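Going down the list, the protein sequences come from chains H and D. Following this note's numbering, the residues of the first sequence are numbered contiguously, the last one being 457. Following this note's numbering, the residues of the second sequence are numbered contiguously, the last one being 85. Don't be surprised by glycine CBs; every beta carbon is placed ideally from N, CA and C. Here the structure is a predicted model, which is why all the values come from computation and not from measurement. Working notes, beginning with the structure itself.
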Amino acid sequence: MEARENFSADVMQYAPQLFSTAVRMTRNRADAEDLVQETYLKAWRAFDSYEQGTNLRAWLFRIMTNTYINKYNAKLRRPDETELDDVEELYLFRRMGAFDQSKMSASAEDQMFELFTDDEVKSAIEDLPESFRLPVLLSDVEGFSYKEISEMLDVPIGTVMSRLHRGRKTMHKRLYQYAKDRGLVNEALLVETDGASAPSQPE
Amino acid sequence: MADCQETLNELDRFLDSELSPGDKEEIMGHLSVCTDCQGAFQFHAELREVVKKKALADELPDGFLDRLKNCFGDQILDDH
């Protein structure tokens, strides 16, 4: 039983990141708290099936992702992914020349951090349809491998990769829009810069 | 050596640490001589860091951790 006693302490260290990811998944703090509690209850009950020494964090996230998918009847295997508009490659990168330097106070190294607010980043993720939102969360935010994400979501690795790619582009486009709405962007600057900043055709 | 298009095609896999050592070396080789691609990779690496930090910045609800700790123990037998 000693292992079980340590279990509580071991899993509690992941509570803050599970909660944040749960908020991005459910888009609601109260639902997120319920989701994390359910995850911990299931983890406690399923403790005997946890193999000591394997990745505890991945195990917890797998339980939480499964719980979310079942509870919210998430549609992850939709064959026709027409929910997102096509966004050109390197969308945000190609528009960085349009950011008005005079309106940004931070030093160069902090600039990217100051460019977008916490709420904008959170919204850009939460606005993604769930079949894109979950892979982006599990990869960009939680750093799980394609294989781990493929197992958690029960979709092929190739699908994980294509959803990550499209989800990220859409998220970046949204971030650009937020910056534009806050008056940080002067699109007239784009025409003055070199060809690298000119929008290109998507592949 | 990989050209610009081949290199940019591997941007996701590179940042996701999903490339084989050989492929990674190939990309690094191109980045060491191409400042345009280097800029694009650097930009996306930084953006990834920013997104990660900001997406994890949620204050926990009051008493959340205490309520969570109650999930461990005998009382779960009475649950449902």
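Taking DSSP as the reference, what is the three-state secondary structure of residue i?
| i | result |
| --- | --- |
| V375 (chain H) | helix |
| A261 (chain H) | Rather than Ala, the amino acid found at residue 261 (chain H) in this sequence is Phe. Helix, per DSSP. |
| S356 (chain H) | helix |
| V277 (chain H) | helix |
| V439 (chain H) | strand |
| G44 (chain D) | helix |
| C76 (chain D) | coil |
| E3 (chain D) | With chain D covering only 6 through 85, there is no way to say anything about residue 3 (chain D). |
| V390 (chain H) | helix |
| L444 (chain H) | helix |
| P26 (chain D) | helix |
| F69 (chain D) | helix |
| V38 (chain D) | helix |
| D17 (chain D) | helix |
| A60 (chain D) | helix |
Is the shortest distance between the beta-carbon of residue i and the beta-carbons of chain D less than 7 Å?
| i | result |
| --- | --- |
| L407 (chain H) | no |
| I379 (chain H) | yes |
| Y268 (chain H) | no |
| Y326 (chain H) | no |
| M366 (chain H) | yes |
| D394 (chain H) | yes |
| F386 (chain H) | no |
| E287 (chain H) | yes |
| F301 (chain H) | no |
| L444 (chain H) | no |
Compare the C-beta of residue i against all C-beta atoms of chain H and say whether one is closer than 7 Å.
| i | result |
| --- | --- |
| F19 (chain D) | no |
| L36 (chain D) | no |
| request: Report yes or no: do three or more beta-carbon pairs, one from the region 422-435 of chain H and one from the region 366-386 of chain H, lie closer than 8 Å? | output: yes
| task | Would you list, in chain order, the members of the region 398-429 of chain H that have their beta-carbon closer than 8 Å to a beta-carbon of chain D? | result | S399, Y400, M415, L418, H419, R422, M425 and H426
| What residues in the region 47-62 of chain D have a beta carbon less than 9 Å from any beta carbon of chain H? | F48, H49, E51, L52, R53, E54, V55, V56, K57, K58, K59, A60, L61 and A62
| request: Report yes or no: do three or more beta-carbon pairs, one from the region 60-78 of chain D and one from the region 277-295 of chain H, lie closer than 8 Å? | output: yes
| At which residue ranges does the region 261-330 of chain H contain complete alpha helix (DSSP H) runs of 4 or more residues, listed in the order of the chain? | 269-280, 283-299 and 310-325
| query | Does the region 409-416 of chain H come close enough to the region 303-313 of chain H that 3 or more CB-CB pairs lie under 8 Å? | reply | no
| query | Which parts of the region 394-432 of chain H are runs of the alpha helix (DSSP H), unbroken and 4 residues or longer, counting only runs that do not cross its ends? | reply | 400-407
| said: For the region 309-322 of chain H, list every residue whose C-beta sits within 9 Å of some C-beta in chain D, in sequence order. | reply: none
| message | Check whether the region 47-65 of chain D and the region 268-285 of chain H are in contact - that is, three or more C-beta pairs closer than 8 Å. | response | yes
| said: Across the region 392-408 of chain H and the region 343-352 of chain H, are there enough close Cβ pairs to call them in contact, namely three or more that are closer than 8 Å? | reply: no
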